[in-house]
Amino acid sequence: MKLNRPAVLVLGCAAVLLALTGCGSTGPSTAASAPAPTVTAVTTPAAVTVTADEKANHTTVKVSVGATVSVELQGTYWSGATSSAPAVLAPTGSPTTAPSPSCRPGGGCGTVTTSFTARTAGTAHLTAFRTVCGEALNCTPNQRSYDVTVEVAG
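Just so you know, we're using this note's numbering here: the sequence shown kicks off at 103 and counts up by one.
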């Protein structure tokens, strides 16, 4: 069974509370009427970034709220990715194009990257399009679109 971070945090806090309050012990309590200690757990999950490239096309990616999903497509002929549900998966800035320094003009070498933040639980599609797959080379229909389903868990 695979547990996500919030589940591990809840289980860990429950174990600490049980140990501190004596719940579940089999012997008599040695504390006469001492108040139960208060435990406050504050955690900030580590920033998680998931990068989806062409290999992720037509797949489903699962992330938690707060995660960053970055779509990095090879070739500067791609449009920047867009989200079908910005309330669920919101863009963080504009797409960036990074041409390869060794590429001849018009060669399309480099990457187009767009990043999104998972804001709330739900599902969104990240899509991008292109019509050109190389200098003077039109894409076949199955090479023109990019679509990744992102499921965001609360």
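Every residue gets a Cβ at the ideal spot worked out from N, C-alpha and C, and that includes glycine.
For residue i, the three-state DSSP class (helix, strand or coil)
i, result
"Pro-243", "helix"
"Glu-156", "helix"
"Val-234", "strand"
"Ala-220", "strand"
"Tyr-248", "strand"
Check whether residue i and residue j have beta carbons under 8 Å apart
i, j, result
"Thr-161", "Phe-218", "no"
"Ala-223", "Gly-182", "no"
"Ala-200", "Thr-216", "no"
"Leu-95", "Ala-220", "Since the first and last residues shown for the chain are 103 and 256, residue 95 lies out of range."
"Ser-258", "Pro-193", "Past the edges of the chain, shown from 103 to 256, lies residue 258, and the structure says nothing about it."
Cut-off 6 Å between Cβ atoms - residues of its own chain near residue i, not counting five sequence neighbours on either side
i, result
"Glu-174", "Thr-153, Asp-155, Thr-213, Thr-215"
"Ser-247", "Phe-231"
Test: residue i CB closer than 8 Å to a CB of chain D
i, result
"Leu-175", "Looking for chain D here will not work: only one protein chain is present."
Element boundaries [beta strand (DSSP E), containing residue i]
i, result
"Thr-161", "Here Thr-161 belongs to no beta strand (DSSP E), and DSSP marks it neither H nor E."
Are three or more beta carbon pairs between the stretch 157 to 166 and the stretch 199 to 214 nearer than 8 Å?
no
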